[in-house]
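Report on one structure; see the data block that follows.
In this note's numbering, the protein residues as written are 44 to 299.
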């Protein structure tokens, strides 16, 4: 005798749990801007520029050189990845380079920037603090190329202000030529507020012990927390139960 298959409502929550490890794609929309509103405003202006004809509407000088710095967890990598994806979405060339990028990667990007000086191009360099001697020299040359263009963008990041970077002097000076933003990491209280506001926006009611428990026992970055909130929303609907701490633990247990 063939046993009946389990109804979809029993399979779906388990699949949701398995998807919890998939961090949502970085974007400006899912970046929590608390304390970083000026930076987000500038990047939103840049986003609009990607949609325009660069020959008719050249990028503003202050849009083309942006350095962000802040402690780990402040969202630096998120912002750089989001801008790369934004540029790709609008048909522009974009890359993210860092200390693990090969010398060939640096050479290739420099060559493409040199060959296409009028095309909108976005280069994001993450954690410039960790660049070796070759990468520092490559970034110095690329910085000069982009500075001389009218439609190419350089976004860089570090953990300390440009003036305090232990880099070659000429590169350190150039990184401070453009706009410099300090990125502020969310405090635990701000993360709790962000979780509660995101829940309200989804029409969810979290029991009071859920947000603090998540900060203590789940990934503390906001992308992962928002991903979990979406999963809890669906799981709550499927099981027709309120979002309480037992429900959260049950969902996380399905992942393991």
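Ideal Cβ positions, reconstructed from N, Cα and C, are used throughout, including at glycine.
Check: Alpha-carbon to alpha-carbon, residue 296 and residue 320; Outcome: This structure does not reach residue 320, given that the chain is present from 44 up to 299, and the question cannot be answered.
Check: Residue 71, DSSP secondary structure in three states; Outcome: coil
Check: Close-in-space but distant-in-sequence residues of the same chain around residue 254 (CB under 7 Å, 5 per side omitted); Outcome: 235, 238 and 239
Check: Residue 169 vs residue 128 beta-carbon contact at 7 Å; Outcome: no
Check: Contact set for residue 302: own chain, Cβ-Cβ below 6 Å, skip 5 residues either direction; Outcome: Given that the chain is displayed from residue 44 to residue 299, the structure contains no residue 302 and the question cannot be resolved.
Check: Simplified DSSP assignment, three categories, for residue 145; Outcome: coil
Check: Contact check, residue 117 vs residue 228, beta carbons under 7 Å; Outcome: yes
Check: Pair within 7 Å by beta-carbon distance, residue 220 and residue 108; Outcome: yes
Check: According to DSSP, residues forming a beta bridge with residue 199; Outcome: 110 and 168
Check: Selected residue, minimal CA-CA separation from residue 147, among 125, 163 and 181; Outcome: 181
Check: DSSP-derived helix/strand/coil call for residue 243; Outcome: helix
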